[in-house]
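Okay, so here's the structure we're looking at.
Numbering (my numbering), first residue to last: 1 to 187.
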C-alpha cells in the first residue's frame with residue numbers, strides 16, 4: 001500500500017514537475033529574503049516559508065500571505081546559491097492552495113486567480129471588464145468609482161472591448177484545457 005506524501009513532498013513534486021529544483025537543497029542563507037522587494041509585506045519571508053514547507057507545517061504555510069504577495073520578479077531564484085527556483089516554489093504553493101481551496105479569505109489573489117482561469121476557460125482570452133472588478137472591489141469605494149470611471153472612458157474609446165473577443169478555434173482550446181485542468185483538481 002502506498003503512503004500518502006507529506007505536504008513538503010507534495011509541494012516539492014509540484015515544483016520538481018515544473019522546474020526540477022528540490023526545496024530540501026535550501027541552505028537557509030537568507031539571500032532570497034534579502035533580495036525580495038516585497039518581503040516586508042509578507043507574513044513570512046521566502047526563507048522562512050521554505051523552512052516551513054520543509055518542516056511540513058502545512059497549515060501555517062497555507063495560512064500565510066507570502067506566496068500570494070510574491071512579485072514573480074525572480075530576483076530570489078537568480079541569486080539563490082543552491083539554485084532553487086523559489087519563485088516556482090511560490091507558484092507551486094499557490095496552485096496547491098487553489099486546488100485545495102485553502103487560503104486566507106481576505107486576500108484578492110485567490111479570487112482574482114480563480115476568475116482569471118474561469119474567464120480563460122470560458123472564452124480562451126482574458127477580459128478586463130470581468131477581471132477588474134475582482135480587484136477593484138477590494139480597493140474601497142472612492143478608488144472603485146475612479147477605476148470604473150476610467151474603464152468606462154477606455155471602453156468608449158475602444159481600448160477595452162465591450163464584448164469579449166473569442167478564440168477562433170474555441171472548441172479545440174477547451175478540449176486542450178479539459179485535459180490540463182483535472183490534473184490540478186477541480187476548477
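From the three backbone atoms N, C-alpha and C, an ideal C-beta is built for every residue, glycine too.
Query - Exposure label - residue 100; buried when at least 16 CB within 10 Å - result: Taking the chain shown and counting its residues from 1, one reaches residue 100 at position 100. The residue is exposed, with fewer than 16 neighbouring Cβ atoms inside 10 Å.
**Report entry** Under 7 Å between C-beta atoms of residue 120 and residue 82
**Finding:** The residue labelled residue 120 in the question sits at position 120 within the chain shown. The residue labelled residue 82 in the question sits at position 82 within the chain shown. Not a contact, by the Cβ cut-off of 7 Å.
Query - Status (buried if at least 16 other CB within 10 Å, exposed otherwise) for residue 149 - result: Translated into the one-based positions of the chain shown, residue 149 becomes position 149. Flag for residue 149 reads exposed.
Query raised in the report: In three-state terms, what does DSSP make of residue 99?
Result: Residue mapping note: residue 99 aligns to position 99 of the chain shown, counting from 1. Residue 99 falls in the helix class under three-state DSSP.
Report task. Kindly list the residues whose CB is nearer than 7 Å to the CB of residue 87, restricted to its own chain and excluding five residues on each side of it in sequence; keep chain order. Result -> Stepping through the chain shown from its first residue, residue 87 is reached at position 87. Result list for residue 87: 70, 72, 74, 76 and 77, in chain order.
Query raised in the report: Distance, Cα to Cα, residue 144 vs residue 130?
Result: Reading the chain shown from its first residue, position 144 is the one you call residue 144. Reading the chain shown from its first residue, position 130 is the one you call residue 130. Approximately 14 Å, taken between the alpha carbons.
Report task. For residue 185, name the three-state secondary structure that DSSP assigns. Result -> Taking the chain shown and counting its residues from 1, the one referred to as residue 185 is at position 185. Model confidence at residue 185 stands at a pLDDT of 46, short of 50, so the residue's coordinates are unreliable and nothing is read from them.
Report task. Look up residue 42 in the DSSP assignment and say whether it is helix, strand or coil. Result -> Translated into positions along the chain shown, residue 42 becomes position 42. Note: residue 42 maps to coil in three-state DSSP.
Query raised in the report: Is it the case that the Cβ atoms of residue 164 and residue 135 are separated by a distance below 7 Å?
Result: Counting from one through the chain shown, the residue named residue 164 turns up at place 164. Counting from one through the chain shown, the residue named residue 135 turns up at place 135. No; because the gap between Cβ atoms is not below 7 Å, this pair is not in contact.
Query - Cα-Cα separation between residue 151 and residue 160, rounded to whole angstroms - result: Translated into the one-based positions of the chain shown, residue 151 becomes position 151. Translated into the one-based positions of the chain shown, residue 160 becomes position 160. Roughly 8 Å separates the two Cα atoms.
Query raised in the report: Does the separation of the CB atoms of residue 15 and residue 89 fall below 7 Å?
Result: Counting from one through the chain shown, the residue named residue 15 turns up at place 15. Counting from one through the chain shown, the residue named residue 89 turns up at place 89. Going by C-beta atoms, residue 15 is nearer than 7 Å to residue 89.
Query raised in the report: CA-CA distance, residue 53 and residue 180?
Result: To locate residue 53, count along the chain shown from 1; it is residue 53. To locate residue 180, count along the chain shown from 1; it is residue 180. Spanning the two alpha carbons is a distance of roughly 26 Å.
Query raised in the report: What's the C-alpha gap between residue 162 and residue 115?
Result: Position 162 of the chain shown, counting from 1, holds the residue named residue 162. Position 115 of the chain shown, counting from 1, holds the residue named residue 115. C-alpha separation (whole angstroms): 18 Å.
Requested in this report: Can you check the segment 18-93 for any beta strand (DSSP E) of at least 3 residues that lies completely inside it and give the ranges in chain order?
Outcome: none
Query raised in the report: Who are the Cβ neighbours of residue 112 in its own chain at under 8 Å, not counting the five residues just before and after it?
Result: Against the chain shown, residue 112 aligns to sequence position 112. Excluding positions up to five away in sequence, the list reads 131, 134 and 135.
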